[in-house]
Amino acid sequence: MVIRKVTEDKIIKKSERNIINIEDVIAFYRILKKLKFRLPRICLAGITLAVLEIIALLLLASFVNTALQQPKVEGISANVLEYFHLSALSFAEQSIVCVFVFILRFFAGLSLQNYILLQSAQLQTALRLLLFRSAIDNRGLVTNEEQKASGAISDVIVRQVTHLGKGILEPFLRALGELVILLGILSAVFFVSPIFLLLMMLVITPIFLFYILKFKGLSRRFGDKSNQSLEELSELSAAFCAGWRQLCVPVLHINSVSMLSKSSADFARNDRLANLLSGAPRYFLELFLAIFLIVIVAWTSYSKEMGFPELVFLAGAGLRILPIVTSISNAFISFQYNRAVLNNVVNMLDPYVDKLLAQSINRKGKEQAGGSSVGPCSIVLQNISFKYHLQKPLFEGLSEEFHSGDFVLIKGKSGIGKTTLMDVICGIRSPTSGRILFNGMQHRTNSLLPLDVFYLPQEPLIIPKTILENVSMLETEYVSKSQEERVISCLKQVGLLNSASSSNAFLNSKVGPDGDKLSGGQKQRLVLARALYHGAEVLALDEIVSGLEVNSKRQVLELLKDLAAANKLVILISHDQIAEEFASKCLSL
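Taking numbering that gives the first Met the number 0, the leading residue of the sequence shown gets 0, the next gets one more, and so forth.
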């Protein structure tokens with residue numbers, strides 16, 4: 000066990016020293032593949048900017064050569080300048096053209112950055128939709144108690160996807176564009192002087208690798224130590240504040256002060272070193288630039304093919320290469336910092352989900368129009384059983400038939416499996432054995448209900464919007480006049496709106512976060528109005544009358560009975576004995 004522990008520690012330390020791990024690259028590639036990322040577009044944008052970079056450098060070389068009245072030299076650079084007729088222009092003409100090209104390059108660079116941000120935003124949106132779909136699919140595989148712990152899922156979908164976008168997607172896209180530009184500039188340098196490019200790579204590559212592997216690694220390591228020291232200091236302070244009575248003992252008081260002083264000193268040291276190393280790259284890059292310029296000048300002095308224009312061109316190329324290299328190295332470090340976020344997102348993704356949620360929720364038929372399907376509905380349970388993993392079966396060999404016009408009441412003591420049975424009936428959960436037929440056809444469980452089924456659980460879904468948006472599930476600006484009238488009719492039908500009320504003011508009133516401005520009974524009625532608006536043929540209702548007084552209960556139950564009489568199929572879970580008076584069928588567990 001000791002040997003295994005030491006081996007695991009070595010693997011972890013080796014992983015922490017790596018700039019990037021192949022497992023993370025594969026995970027990131029899987030995400031991009033699921034999001035259908037298109038590589039050629041950003042490469043084309045990078046190539047366009049690289050061409051502008053090279054043209055700008057050529058113009059700068061010609062402009063400086065003309066301004067200083069240097070004699071024309073023979074060589075590749077001179078031939079390039081002559082080919083584009085740049086040297087033949089006057090000083091004023093070269094100035095205008097040079098400024099114009101640099102302005103064009105400026106706007107092209109902004110366009111590339113804007114494109115990167117747009118791509119990142121689109122990928123984040125698509126990833127949130129994919130995670131949302133995956134979360135819905137996976138909720139049917141866990142118990143009701145496990146479903147309550149949904150905060151982590153929400154955190155991944157909202158906050159950690161944002162971190163993934165800012166910390167990995169955007170740096171990746173930016174580094175990809177910069178890499179294309181770098182290859183273009185290096186190709187131009189090779190065209191000017193292949194030998195100089197080889198010399199430059201031999202001199203610069205070791206320095207660059209030292210910068211990446213040493214400075215960046217040290218900065219990251221001391222940054223982690225600083226954060227760890229701050230966390231320890233915070234935990235220690237909280238513990239001492241909570242146990243202040245015990246610290247009235249002089250010895251404990253002295254020791255606690257000593258521990259706080261040591262933790263504070265450790266944090267100050269690590270934070271100072273982290274900040275010092277984070278500022279070191281500026282001076283390191285200045286040293287890098289000085290060495291680069293010395294190499295250029297030395298090569299120009301000893302080379303017959305290198306003249307003043309080539310010197311200007313290569314110096315400009317070097318100045319442009321430095322920020323590109325810095326951007327790419329920062330992208331590697333950002334990738335390393337956000338590994339945990341990447342792993343959280345990848346672990347949540349279902350590897351077999353290949354369709355985005357947008358393909359499933361873009362139902363523009365009956366949901367938005369508020370229409371209803373035509374014809375009777377039936378649900379047939381054929382010898383179904385269900386149990387959670389490693390638990391006893393909740394129910395076995397259950398066979399029932401429900402048809403339009405039925406008002407079915409499911410009753411039983413708490414924890415016996417009523418809600419789970421409703422999940423199975425609606426097709427959210429797959430039965431352990433047996434099968435379920437919707438209108439004579441077996442439903443394929445994918446955590447999305449059949450279009451004719453409306454499921455109202457015990458804790459209703461209330462969005463922090465207006466009454467109108469909660470019922471229609473559309474933004475207000477997309478609700479037509481006819482849809483608004485239908486919403487009003489449904490609200491009146493469930494008793495949330497009467498003739499004396501101002502319908503416009505009520506429709507546009509906010510319900511607050513989690514429907515805080517509504518009572519429990521009003522929430523249930525609101526979601527019931529949503530069901531009526533969307534024209535569901537099957538109403539699956541879980542304890543919707545539990546929060547109402549007796550008169551309101553009877554009104555809602557009478558409404559459900561009327562809906563069943565109107566050829567709807569109503570299935571209700573309730574402990575209330577009053578519900579038995581209205582139900583036409585009763586299923587006891």
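Each residue gets a CB set at the ideal place from its N, CA and C atoms; glycine is no exception.
A direct Cα-Cα distance of roughly 11 Å separates Ala91 from Val98.
Distance between Gly416 and Gly396, taken at the CA atoms: about 14 Å. Annotation: Leu196 to Val202 spans about 10 Å, alpha carbon to alpha carbon.
In this structure, Ile461 places its C-beta atom within 7 Å of the C-beta atom of Gly514. In the same chain as Val493, and ignoring 5 residues on each side of it, the C-beta atoms closer than 6 Å to its own belong to Arg524, Leu527, Ala528, in chain order.
When the alpha-carbon of Phe101 is set against those of Leu568, Val423, Gly426, Glu52, the nearest one is in Glu52. Of the residues Val537, Ser518, Tyr387, the one whose Cα lies closest to the Cα of Glu458 is Ser518.
Here Gly411 is near Ser587, since their CB atoms are less than 7 Å apart. Looking at the backbone, the Cα of Leu540 and that of Leu568 are separated by about 11 Å. Between Gly164 and Gly45, the C-beta spacing is not below 7 Å. Excluding sequence positions up to five before and after Pro456, its CB lies within less than 7 Å of the CB of Asp541, all in the same chain and listed in chain order.
Boundaries cannot be given for Cys376, as no beta strand (DSSP E) includes it and DSSP labels it neither H nor E.
As the crow flies, the alpha-carbon of Pro512 is around 5 Å from that of Pro463. In the three-state scheme derived from DSSP, where H, G and I count as helix and E and B as strand, Met472 is classed as coil. The residues Phe221, Lys224, Ser225, Ser228, in chain order, have a CB closer than 6 Å to that of Asn269 in the same chain once the five nearest residues on each side in sequence are set aside. Across the structure, Lys516 and Ile466 are spaced so that their CA atoms are roughly 11 Å apart.
Annotation for Tyr454: the continuous beta strand (DSSP E) segment containing it runs 452-455. Around the beta carbon of Leu341, 16 or more other beta carbons sit within 10 angstroms, so the residue counts as buried.
The three-state reading of DSSP puts Phe334 in helix, counting H, G and I together. Residue pairing by DSSP places Lys410 opposite Ser587 in a beta bridge. In this structure Ala49 touches Val179 by the C-beta definition: roughly 6 Å separates them, less than 8 Å.
For the stretch 518-578, the full-length alpha helix (DSSP H) segments reaching 4 residues or more read 519-532, 549-564 along the chain. The beta carbon of Glu579 sits closer than 7 Å to those of Leu408, Cys585, all from its chain and outside the five residues before and after it, given in chain order. Counted as a single uninterrupted DSSP element, the stretch harbouring His402 is not any alpha helix (DSSP H) but the beta strand (DSSP E) occupying residues 394-402. Separation of the CB atoms of Ser432 and Ser398 is rounded to 12 Å, and the pair is thereby denied contact status at 8 Å.
Look at Gln441 here: in three-state DSSP terms it is strand. In the three-state scheme derived from DSSP, where H, G and I count as helix and E and B as strand, Arg37 is classed as coil. Shown here for Asp451: same chain residues with a beta carbon closer than 7 Å to its own, the five before and five after excluded, namely Ser372, Cys376, Ala535, Glu536, Val537 in chain order. Around the CB of Arg40, fewer than 16 other CB atoms lie within 10 Å, so the residue is classed as exposed. Taken through DSSP and simplified to helix, strand or coil, Arg220 comes out as helix.
Taking the Cα positions, Val555 is about 10 Å away from Val549. DSSP links Ile435 through a beta bridge to Leu380.
Around the CB of Met199, 16 or more other CB atoms lie within 10 Å, so the residue is classed as buried.
Each residue's CA atom was taken as its position, placing Phe209 and Leu117 some 34 Å apart. Within the same chain, Pro392, Leu393, Thr431 come within 8 Å of Lys386 by CB-CB distance, once the 5 residues on both sides are set aside. Taking C-beta atoms as the reference points, Gln381 and Arg434 count as a pair closer than 7 Å.
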